[in-house]
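Everything below concerns the one structure shown next.
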Amino acid sequence: MPRSYLALFDVPGTKGFSAAGLIGRMPLAMLSIGAVTMISQLTGRYGLAGAVSAAMAMSAAVLGPQVSRLVDRHGQRRVLRPATLVSVTAIAGLLLCAQQGAPDWTLFVFAAGTGCMPSVGAMVRARWATVHRDSPRALHTAYSWESVVDEICFIFGPIISIGLSTAWFPEAGPLLAGVFLVVGVLWLTAQRATEPVPRPRAEHTGGSALGSAGLRVLVATFVATGAIFGAVDVVTVAFAEERGHKAAASLVLSVYALGSCCAGVVFGLLHLAGPPARRWLVGVCAMAVSMIPLQLAGSLPLLAVALFVAGLSVAPTMVTTMALVEAHVPRTKLTEGMTWTSTGLAVGVALGSSAAGWVVDAAGARAGYRVPVVAGAVAAAVAFLGYRRLREPVPRRGGHGADDRGPDSPEEHDDHERVA
1211 MPRSYLALFD VPGTKGFSAA GLIGRMPLAM LSIGAVTMIS QLTGRYGLAG
1261 AVSAAMAMSA AVLGPQVSRL VDRHGQRRVL RPATLVSVTA IAGLLLCAQQ
1311 GAPDWTLFVF AAGTGCMPSV GAMVRARWAT VHRDSPRALH TAYSWESVVD
1361 EICFIFGPII SIGLSTAWFP EAGPLLAGVF LVVGVLWLTA QRATEPVPRP
1411 RAEHTGGSAL GSAGLRVLVA TFVATGAIFG AVDVVTVAFA EERGHKAAAS
1461 LVLSVYALGS CCAGVVFGLL HLAGPPARRW LVGVCAMAVS MIPLQLAGSL
1511 PLLAVALFVA GLSVAPTMVT TMALVEAHVP RTKLTEGMTW TSTGLAVGVA
1561 LGSSAAGWVV DAAGARAGYR VPVVAGAVAA AVAFLGYRRL REPVPRRGGH
1611 GADDRGPDSP EEHDDHERVA
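Position in the sequence shown (from 1) plus 1210 gives the number in the working numbering.
Rendered as structure tokens:
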């Protein structure tokens, strides 16, 4: 591992919370695709599978930021454990109803309960932001590392989830996702030394983190970006099944994540000059363009190559996004702000997976790849329209809302640009 990454773990406690974060984030890559695989196997209905997956994502979009807001106010340990209990109970109910052939509406009821699942990635990034609050360059490397960890989850998560559900029993993938969630959250919250200390209650003013115009742009763009991810997941499973190799879908999706992982490793070693907002815009546009070749893939190997290339733009865009969130959101709302970007992705995944499921049912898997193309075009359009907001002077971070603070000093602004 390059020295830049090894140096991150010289700080005591960082290895532990990063490892716990890896385990706790596995459900993010396993649960949705596992539910799609499980329900499609048990019922043969991709439309229903996509709709349940969409309900899970929409629930996360509603409940996730509220959980993170409570974390900012009361701390990770006090909030994450009860939230995880609710989420795991809902997962168990979903599996039981699917296995017993319960009415469709019961699947949606328990899918809604899974939205209490904590955004473990945001919790870990908040710890890195605390550890390296005075070192923008180290924080950039830490965010890049966490992006790599995300992609590791998305490389192995679908393989494990789809593989177990197809080779063992349909409920196996989501079941293991619940186990990972419990283990990861318990391990993370047991590490009190690196847990961010909640700011005094008097500093929690100004309402939601969405009061930041820059954050609203990032979230809106990520809705369309999430639609790309959701559609690609559902359509790839259907594409592989049409060719008689449904289990191979996990390998193909892992190649997509592998491309992002490789790009994230390299990006973490770079310290590029220029406005981070510009790099973010380029990244979003690259993600949009990379969806076009999927229309031409007529076999699983060609599809894997196209997805690997598409993945190269994902991690750098995500790393820059987190740096922009850290710059545009008050410190007292940092965890909530990071979760809002995940929420945007979750809403997009809901829309993309649902739309792709219906298109696949109506016209087949090849037609389904039109959904991520459209989503990519929307993401690029929103990014262009909101670009000016991200270029505006970044307010000082503190205990109050962005509207209550003046512009950065030149030194701080330069630091923020070096972060991304």
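The beta-carbon is built from N, C-alpha and C at its ideal position, and this holds for glycine as well.
Three-state secondary structure assigned by DSSP to residue i
{"i": "ALA1267", "result": "helix"}
{"i": "PHE1594", "result": "helix"}
{"i": "ASP1443", "result": "helix"}
{"i": "ASP1344", "result": "coil"}
{"i": "ARG1402", "result": "coil"}
{"i": "GLY1407", "result": "According to the sequence shown, residue 1407 is Val rather than Gly. Looking at VAL1407 - three-state DSSP - the assignment turns out to be coil, as it is neither helix nor strand."}
{"i": "ARG1628", "result": "Low confidence applies to ARG1628: its pLDDT is 33, below 50, so where it sits in the model is not reliable, and the reading given next is rough at best. Note: ARG1628 maps to helix in three-state DSSP."}
{"i": "ARG1235", "result": "helix"}
{"i": "ARG1601", "result": "helix"}
{"i": "GLY1254", "result": "coil"}
{"i": "VAL1539", "result": "coil"}
{"i": "HIS1455", "result": "coil"}
{"i": "GLU1361", "result": "helix"}
{"i": "PRO1486", "result": "helix"}
{"i": "TYR1579", "result": "coil"}
{"i": "PRO1368", "result": "helix"}
{"i": "GLY1223", "result": "coil"}
{"i": "TRP1378", "result": "coil"}
{"i": "GLY1508", "result": "coil"}
{"i": "SER1329", "result": "coil"}
{"i": "SER1278", "result": "helix"}
{"i": "ALA1587", "result": "helix"}
{"i": "SER1228", "result": "helix"}
{"i": "SER1214", "result": "helix"}
{"i": "SER1242", "result": "helix"}
{"i": "SER1422", "result": "coil"}
{"i": "GLY1608", "result": "Below a pLDDT of 50, predicted positions are generally treated as unreliable, and GLY1608, at 45, falls in that range; the measurement from the model is reported next regardless. Residue state, collapsed to three classes: coil."}
Boundaries of the alpha helix (DSSP H) in which residue i is found, first to last residue
{"i": "SER1523", "result": "No alpha helix (DSSP H) holds SER1523; DSSP gives it neither H nor E."}
{"i": "CYS1471", "result": "1459-1479"}
{"i": "GLU1546", "result": "1544-1573"}
{"i": "ILE1502", "result": "Element bounds for ILE1502: n/a, residue is neither H nor E."}
{"i": "CYS1307", "result": "1286-1310"}
{"i": "ALA1321", "result": "1314-1323"}
Residue closest to residue i, alpha-carbon to alpha-carbon, out of the options
{"i": "ILE1438", "options": "LEU1522, ILE1365 and ARG1580", "result": "ARG1580"}
{"i": "GLY1638", "options": "VAL1515, GLN1251, ARG1335 and PHE1594", "result": "Because the chain in this structure spans residues 1211 to 1630, residue 1638 falls outside the shown range and cannot be described."}
{"i": "LEU1555", "options": "GLY1234, PRO1292, ALA1457 and VAL1429", "result": "VAL1429"}
{"i": "ALA1514", "options": "ALA1467, THR1531, ALA1525 and SER1552", "result": "ALA1467"}
{"i": "THR1399", "options": "ALA1496, ALA1458, GLY1547 and GLY1234", "result": "GLY1234"}
{"i": "GLY1274", "options": "CYS1307, VAL1330 and THR1446", "result": "VAL1330"}
{"i": "ALA1496", "options": "GLY1285, ALA1239 and VAL1583", "result": "VAL1583"}
{"i": "GLY1469", "options": "VAL1592, PHE1477, GLY1521 and ALA1566", "result": "GLY1521"}
{"i": "MET1528", "options": "ARG1599, ARG1598, LEU1506 and GLY1436", "result": "GLY1436"}
{"i": "THR1404", "options": "VAL1465, ARG1287, PHE1518 and THR1294", "result": "ARG1287"}
{"i": "LEU1304", "options": "VAL1289, PRO1292 and ALA1382", "result": "ALA1382"}
{"i": "GLY1223", "options": "ALA1591, SER1564 and THR1340", "result": "THR1340"}
{"i": "VAL1296", "options": "GLY1285, TRP1550, ALA1321 and ARG1488", "result": "ALA1321"}
{"i": "ARG1255", "options": "GLY1596, GLY1567, ARG1599 and LEU1600", "result": "GLY1567"}
{"i": "ARG1489", "options": "SER1564, PHE1364 and VAL1524", "result": "VAL1524"}
{"i": "ARG1283", "options": "ALA1487, SER1564 and GLU1546", "result": "GLU1546"}
{"i": "SER1552", "options": "THR1294, GLY1244, PHE1432 and LEU1391", "result": "PHE1432"}
Assigned exposure category for residue i - 16 Cβ within 10 Å defines buried
{"i": "ASP1220", "result": "exposed"}
{"i": "TRP1378", "result": "exposed"}
{"i": "GLU1452", "result": "exposed"}
{"i": "ALA1441", "result": "buried"}
{"i": "SER1509", "result": "exposed"}
{"i": "GLN1309", "result": "exposed"}
{"i": "PRO1380", "result": "buried"}
{"i": "TRP1315", "result": "exposed"}
{"i": "VAL1570", "result": "buried"}
{"i": "HIS1342", "result": "buried"}
{"i": "PRO1384", "result": "buried"}
{"i": "SER1354", "result": "buried"}
{"i": "LEU1463", "result": "buried"}
{"i": "LEU1232", "result": "buried"}
{"i": "VAL1444", "result": "buried"}
{"i": "PRO1313", "result": "exposed"}
{"i": "HIS1481", "result": "exposed"}
{"i": "GLY1311", "result": "exposed"}
{"i": "VAL1407", "result": "exposed"}
{"i": "GLY1558", "result": "buried"}
{"i": "PRO1292", "result": "exposed"}
{"i": "LYS1456", "result": "buried"}
Cβ of residue i within 8 Å of any chain C Cβ
{"i": "ARG1337", "result": "In the structure shown, chain C cannot be found, because there is only a single protein chain."}
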